[in-house]
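**Q** These protein sequence lines map, in sequence, to chains A and B.
Going left to right, the first sequence walks through residues 884 to 1538 as this note's numbering numbers them.
Going left to right, the second sequence walks through residues 10 to 385 as this note's numbering numbers them.
Using N, Cα and C, we set each Cβ at its ideal position, and we do this for glycine too.
Here it is, the structure in full.
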Amino acid sequence: MHNRASSVQKGRVISRRLFILTAAKLLLFAGITSRLYSLQISDREKYEILSDKNRIREWKTPPQRGLITDFYNKILADNDRVFQVHLSLDEIQNFDQIIFRLKNIINLSNNEIRKIYKTKEKLKPWDTLVASDNLDWSEFSKLNLYLHELEGVKPVVSSSRYYPYANNLVHIVGYVGQASIKDIERMEAIRENLVPGLKVGKSGIEYSNEKLLIGKYGIKRYEVNSSGKRISQLEHIKESQGSEIKTTIDLEVQKFAQELLKGQAGSICAMDIYTGEIIAMASSPTYDPNKFTHGINHKDWNEIRDNPLKPLVNKSIAGLYSPGSTLKPLVALAALEFGTIDPERAIECKGHKHPYELYGVKYHCWKKHGHGYMRLRNAIKQSCDTYFYETARLLGVDKLSIIAKRYGLGSNILKDIYFDEKKGVVPNTQWKKNAMGKSWYLGETVINGIGQGYIQTTPLQLCLMTAQIANGGYKIKPHILYDENINIENTKLEIAKQFTNDSLLGSSNTKENYLEEREYQLYERLYKNSQNINFVKDAMFGSTNEQYGTSYKSRYEDPKYQFAGKTGTSQVKRITEVERKLDLKQSQIEYKNRDHALYIAFAPYKDPRYSISVLIEHGGSGSRAAAPLANKLIKKIIDRHGIREQTRKANLTLA
Amino acid sequence: MLTERLYTSKYSFFDKLLAIDYFLIFIVIMIGAVSVFAIHSTEGGEFSYYTKNHLIRLVAFFVMFLFLSFIKITFWYRNAYIFYFICLFLLIIVLLFGITASGSKRWINLYFLNLQPSELMKIAIIVCFARYYHKIQSADIQSYRFLLIPITLIIIPCYLVIAQPDLGTSILIAGSGIVVIWLAGLNIKYFVYSGLLLLVSFPFVVSILKPYQKSRILTFFNPDRDPLGAGYQIIQSKIAIGSGGFFGKGYLKGTQSYLEFLPEKHTDFIFTLFSEEFGFLGSIILLLLYILLIYRVISTGFIVRSFFAKLYCFGFASAIFLYVFVNISMVLGLLPIVGAPLPIMSYGGSSMLSIMLGLSIVMSCRIYSQDQISKY
């Protein structure tokens, strides 16, 4: 029975061993279950994301840029339909062959082909390459004809920036171009919206208001397989357009101003003296911003860059000029406010034979034979230099600089929109010590009195200065982006309230704090005595509307258009004794040495509303080159005043 | 009584029908049905090549399973060694005249089927060892002399299979053999010692492996080592299973497999696909089906009278466990990717053949449960 015993023994062993094995199996199955639990329940989200990452690929579609309009909602920067060729790299089998075929259909130049290959190297294998972004209609339709044999080639109708009034607004609106590395580094909004071929602002409002204008990219989500091939479109979130930006510009006035400057280098600015709205800001010469949208070619670029009249410079805010005689009203105001001179005091201007002399240095009046005896009003009207040499000497440069700064010279106005804006220089003794390390000479004060020397201003600053004199001496904030919160009625009310307050309480500006330099709030009074402002305005009226006034020829008799102004002729180069004797006409002098012609004005004289400044580079005398332009421009602005006010009201009721 | 080797009871046909384990058949049909749906899903819901082939094989081998169930268990006992040596012979044939596919030589062309003898060997070694340990006395089991033969019988086919190369099947063959030795009652110390020896020799074993096998093992320890190369399969498999969640993505909606991120989705990674589409719930149900299958096989082992049948049933149950465990652990990233199919679920004729053959022997054990095989 050995066998039987063995069998029993074996049976016992096998049962025990099976028990152990089964326990082990259950343990291992429990292990598998817990693993499943951890993968499918605990970490489900993680793996779901990974799975989606596997299968879903996104393509961004470019955002639609916001429009830029003028005060009347006329579109200054539009979006135009363009025809593009996109290459889906993941669908193209033989890239070289496709390019060769394309070349014959849409006329790609060798240069463009080189560019395509260069871009391709930077892209991922499933990216889209923009082979051409500005086809004409005939090329586009031809491409569609051959499309069936061009796998991966996609004709796309897209939108791109278009400036309908090309040259007229480039300095205000700016232009767009391909986003560069610098642009990408500059702004989160650009990084976020970055798609191949994205266009971003390069200058002007387009540049400074990129964030508002850029809009939001769209997304096309595709399901792809493991080799990256698109299987189906899952979702299409449409791109959205950026905000519309409304400017204070009047397109008609702007175009007119630009027309007036045609053929010359210069600037025209026009401003509402109460609201601070900039109605026109022309700079000449100009250029076509549309050329930049699809990348400017070398020839056009060189032409713009090498033009000696510097079209790329926005002369209204980035051109610095000596204000010349346009500073005289401000010098007079300063002298009156500080009580330096008695306006009834007469000073004799004796002509070039007996010029004004200080410490042995001679200072000539522009008028060869002299003005004779002048009082302050006449000196402004006839722009007598001799009178202002003496006034400036008595006033001193430091007091003049306080008033000049208060009325808007020497500081930025639109820096938040135009990063290329220049501050200019309003010199004083401290400034010279800091800038040059030298002490101030009295002779420099003398020429400062007629707007020459260190003083440097932009045409827009002169326009602001004129506006703040014309509105009775109240602080305004010039702006070019429309602000619906500025209500003309409230503004006038605010100013009137200030004025009556001041009249009732008497002068709150004591001499001490009047000397201080400080920040002024919006609509705060800038003057000490309103009679002084009125005196200057009256003198400017004389300058334009009375015989012997420097801009008498450019006057209007009709009170509707009648304006008050001041001419300026600023020297670019010191006149030598020899030249003075030759007494050359401006046309006989080399262009770059000719005087700059300036003119500032406000209109209408009774109840003024607008101020303007005109500058013609090397235009000669202000009365001959600049004032006549102001004459024409003022008529245009006044004629459009009614419609502007109507539109303002309509805008308000709409809002 | 002693002179008689085999006792065969008389069974009427009705007795035989009554003895059939219908529950086991039901489970096999269930798993088979699930497998058809899973394979159908690998083809994106189309009823084409793989699904058709799989269904034909499933039905054909299922019918074969039913027929072979009526073969007497004594037949298997008598021919156990012959079965083993036929398989060994076929493995040698493979080595000489086998068909090569994707870098390994595993198949013999039989015209209607490319037979993979290593799959048959998984069954043969259990049958062979069951007979071997049936015959020897319990006292002899522990002696070195009687241990040497089974070890040799394991090493030879394993070597032949590794040479194909097919690490996965070779591990399963070895595992099946070792499990039977364990059940037979070999002293635990041998298992402990050889386990330690394996651990110590592991670095040397790795060094003689083929580069792709080595990289699979290294990848197992750190799948992110080469996420697009060797680690790709396991990473994608884990993503697929994990993203399935509790209820799964739904039938035919497994994006990982549908978009071709899953490798080998018909064969070794069929569980991944199933788990992605049917989630945690489906996976647990499938696991339960396998547990029931194993349970039914073990329960047969308890009612049979002969030690041979008992050893075979317990051994085969453990082998099924081993197949399932290795495959699922592999796709879950718990074991290195060694290439082992999931029984019944995976596409592949030979693996289906071997599992059905194994089950038919279990069924035969049940039908002829009263048969005794005694040693003289």
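Helix, strand or coil: which one does DSSP assign to H143 of chain B?
**A** As a working note, residue 143 of chain B is residue 134 in the second sequence. DSSP places H143 of chain B in helix when its eight states are reduced to three.
**Q** Tell me, to the nearest whole angstrom, how far the beta carbon of Q947 of chain A is from that of S1042 of chain A; I am working on the premise that it is less than 8 Å.
**A** Numbered from 1 along the first sequence, position 64 holds the residue referred to as residue 947 of chain A. Numbered from 1 along the first sequence, position 159 holds the residue referred to as residue 1042 of chain A. Yes, they are in contact, since the Cβ atoms of Q947 of chain A and S1042 of chain A sit about 6 Å apart, within 8 Å.
**Q** Are any of the Cβ atoms in chain B nearer than 8 Å to that of L1052 of chain A?
**A** Numbered from 1 along the first sequence, position 169 holds the residue referred to as residue 1052 of chain A. No, L1052 of chain A lies away from the interface with chain B (no Cβ there is under 8 Å from its Cβ).
**Q** Got a sec? Which residues, its chain only, sit under 8 Å from I171 of chain B by beta carbon, not counting five neighbours each side?
**A** Counted from its first residue, the second sequence places residue 171 of chain B at position 162. Counting only Cβ-Cβ distances below 8 Å, and skipping sequence neighbours, we find S179.
**Q** Where do the N-terminal and C-terminal ends of the beta strand (DSSP E) with I988 of chain A fall, by residue?
**A** If you number the first sequence from 1, residue 988 of chain A lands on position 105. Where I988 of chain A is concerned, there is no enclosing beta strand (DSSP E), although the alpha helix (DSSP H) it sits in stretches over 978-989.
**Q** Using the beta-carbon count (16 or more within 10 Å), is T83 of chain B buried or exposed?
**A** One-based indexing of the second sequence puts residue 83 of chain B at position 74. Buried, by the Cβ-count rule.
**Q** Could you check if W1020 of chain A is buried or exposed, using at least 16 other CB atoms within 10 Å of its CB as the buried criterion?
**A** Taking the first residue of the first sequence as position 1, residue 1020 of chain A is located at position 137. So W1020 of chain A counts as exposed.
**Q** The region 1090-1113 of chain A: which residues have C-beta closer than 8 Å to a C-beta of chain B, in chain order?
**A** If the cut-off is 8 Å between Cβ atoms, the region 1090-1113 of chain A has E1106, V1107, N1108, S1109, S1110 near chain B.
**Q** From A:N1514, A:Y1090, A:L909, pick the residue whose C-alpha is nearest to that of V1059 of chain A; which is it?
**A** As a first step, residue 1059 of chain A is located in the first sequence; it is residue number 176 there, counting from the start. Comparing Cα-Cα distances from V1059 of chain A to each of A:N1514, A:Y1090, A:L909, the minimum goes to A:Y1090.
**Q** Which one of A:Y1046, A:Y1000, A:F902 has the shortest CA to CA distance from D953 of chain A?
**A** Residue 953 of chain A sits at position 70 when you count from the first residue of the first sequence. Among A:Y1046, A:Y1000, A:F902, the Cα nearest to that of D953 of chain A is on A:Y1046.
**Q** Can you tell me the Cα-Cα spacing of I244 of chain B and F270 of chain B, whole angstroms?
**A** Looking up residue 244 of chain B in the second sequence gives position 235. Looking up residue 270 of chain B in the second sequence gives position 261. Taking the straight line from one Cα to the other gives about 10 Å.
**Q** So, using beta-carbon positions, are I353 of chain B and G41 of chain B closer together than 8 Å?
**A** For this step, residue 353 of chain B is matched to residue 344 along the second sequence. For this step, residue 41 of chain B is matched to residue 32 along the second sequence. Going by C-beta atoms, I353 of chain B is nearer than 8 Å to G41 of chain B.
**Q** Where does V1013 of chain A sit, in a helix, a strand or coil, going by DSSP?
**A** Taking the first sequence and counting its residues from 1, the one referred to as residue 1013 of chain A is at position 130. Three-state DSSP puts V1013 of chain A in a strand.
**Q** On the DSSP letters alone, give me the boundaries of the alpha helix (DSSP H) that W1184 of chain A sits inside.
**A** For this step, residue 1184 of chain A is matched to residue 301 along the first sequence. Its alpha helix (DSSP H) spans residues 1181-1189.
**Q** At a Cβ cut of 7 Å, what residues of the region 134-164 of chain B count as close to chain A, listed as they run along the chain?
**A** Of all residues in the region 134-164 of chain B, Q146, S147 have a Cβ within less than 7 Å of some Cβ in chain A.
**Q** Taking 8 Å as the CB-CB limit, is G894 of chain A close to chain B?
**A** In the first sequence, residue 894 of chain A corresponds to position 11, counting from 1. So yes, G894 of chain A belongs to the interface.
**Q** When the Cα atoms are used, what is the spatial distance from G357 of chain B to K274 of chain B?
**A** One-based indexing of the second sequence puts residue 357 of chain B at position 348. One-based indexing of the second sequence puts residue 274 of chain B at position 265. About 12 Å.
**Q** In whole angstroms, what is the alpha-carbon distance linking G1111 of chain A and D973 of chain A?
**A** Walking along the first sequence from the start, residue 1111 of chain A turns up at place 228. Walking along the first sequence from the start, residue 973 of chain A turns up at place 90. Using only the alpha carbons, I get a separation of about 7 Å.
**Q** Using only the alpha-carbon positions, how far apart do N1295 of chain A and S1322 of chain A sit?
**A** Residue 1295 of chain A sits at position 412 when you count from the first residue of the first sequence. Residue 1322 of chain A sits at position 439 when you count from the first residue of the first sequence. Computed Cα separation, rounded: 26 Å.
**Q** Just verifying my parser: in three-state terms, what is the DSSP assignment at H1119 of chain A?
**A** Within the first sequence, numbered from 1, the residue matching residue 1119 of chain A stands at position 236. H1119 of chain A: strand per DSSP, three-state reduction.
**Q** Taking the alpha carbon of R1074 of chain A as the reference point, which residue from A:N1092, A:L1516, A:K1099, A:H1181 has its own alpha carbon closest?
**A** Residue numbering aside, residue 1074 of chain A sits at position 191 when the first sequence is read from its first letter. Among A:N1092, A:L1516, A:K1099, A:H1181, the Cα nearest to that of R1074 of chain A belongs to A:K1099.
**Q** What are the uninterrupted segments assigned as beta strand (DSSP E) that are 3 or more residues long and contained completely in the region 1250-1323 of chain A, given in chain order?
**A** With a minimum length of 3 residues, the continuous beta strand (DSSP E) runs that stay inside the region 1250-1323 of chain A are 1255-1257.
**Q** Here's a check: name, in chain order, each residue in its chain whose Cβ is nearer than 6 Å to the Cβ of S1496 of chain A, leaving out the five neighbours to either side.
**A** The count along the first sequence starts at 1 and reaches residue 1496 of chain A at position 613. Excluding positions up to five away in sequence, the list reads C1152, P1342, L1345, C1346, I1483.
**Q** Is there a Cβ from chain A that is less than 8 Å from the Cβ of Q265 of chain B?
**A** Along the second sequence, one-based indexing puts residue 265 of chain B at 256. Cβ-Cβ to chain A under 8 Å: yes for Q265 of chain B.
**Q** S96 of chain B lies in the alpha helix (DSSP H); which residues open and close that run?
**A** Working through the second sequence from its first residue, we reach residue 96 of chain B at position 87. Per the sequence shown, residue 96 of chain B should be read as Cys rather than Ser. That run of the alpha helix (DSSP H) goes 89-106.
**Q** Answer with yes or no whether the minimum CB distance from N1534 of chain A to chain B is below 8 Å.
**A** One-based indexing of the first sequence puts residue 1534 of chain A at position 651. With 8 Å as the cut-off, N1534 of chain A does not count as an interface residue toward chain B.
**Q** What are the start and end residues of the beta strand (DSSP E) that includes C1232 of chain A?
**A** Indexing the first sequence from 1 puts residue 1232 of chain A at position 349. Taken as a continuous stretch (DSSP letters only), the beta strand (DSSP E) holding C1232 of chain A covers 1230-1232.
**Q** What distance in whole Å lies between the Cβ atoms of S185 of chain B and I134 of chain B, which are believed to be in contact at a cut-off of 8 Å?
**A** Position 125 of the second sequence, counted from the first residue, corresponds to residue 134 of chain B. Position 176 of the second sequence, counted from the first residue, corresponds to residue 185 of chain B. That belief holds up - the Cβ atoms of I134 of chain B and S185 of chain B are roughly 6 Å apart, short of 8 Å.
**Q** Are there 16 or more other CB atoms within 10 angstroms of the CB of R1228 of chain A, so buried, or fewer, so exposed?
**A** Taking the first sequence and counting its residues from 1, the one referred to as residue 1228 of chain A is at position 345. That one is exposed.
**Q** Quick check on DSSP: helix, strand or coil for S369 of chain B?
**A** The residue you call residue 369 of chain B lines up with position 360 of the second sequence. In the structure shown, S369 of chain B sits in a helix (DSSP, three-state: H, G or I).
**Q** Helix or strand or just coil, what does DSSP make of E1473 of chain A?
**A** Taking the first sequence and counting its residues from 1, one reaches residue 1473 of chain A at position 590. Reduced to three states, the DSSP call for E1473 of chain A is coil.
**Q** Please go through the same chain and pick out, in chain order, the residues whose beta-carbon is closer than 6 Å to the beta-carbon of L366 of chain B, but skip the five residues on each side of it.
**A** Counting from 1 along the second sequence, the entry for residue 366 of chain B is found at position 357. Closer than 6 Å at the Cβ level, and outside the excluded window around L366 of chain B, lie I132.
**Q** Classify E1473 of chain A: buried if its beta carbon has 16 or more other beta carbons within 10 angstroms, exposed otherwise.
**A** Residue numbering aside, residue 1473 of chain A sits at position 590 when the first sequence is read from its first letter. With fewer than 16 other Cβ atoms within 10 Å, it is exposed.
**Q** Closer than 8 Å is the cut-off here; do at least three beta carbon pairs connect the region 1271-1281 of chain A with the region 1217-1228 of chain A?
**A** Yes: at least three Cβ pairs fall under 8 Å.
**Q** Going by DSSP, name the residue or residues bridged to R1104 of chain A.
**A** The count along the first sequence starts at 1 and reaches residue 1104 of chain A at position 221. Looking at the DSSP assignment, R1104 of chain A forms a beta bridge with A:E941, A:E1118.
**Q** Does the Cβ of P1310 of chain A have 16 or more other Cβ atoms within 10 Å, making it buried, or fewer, making it exposed?
**A** Indexing the first sequence from 1 puts residue 1310 of chain A at position 427. That one is buried.
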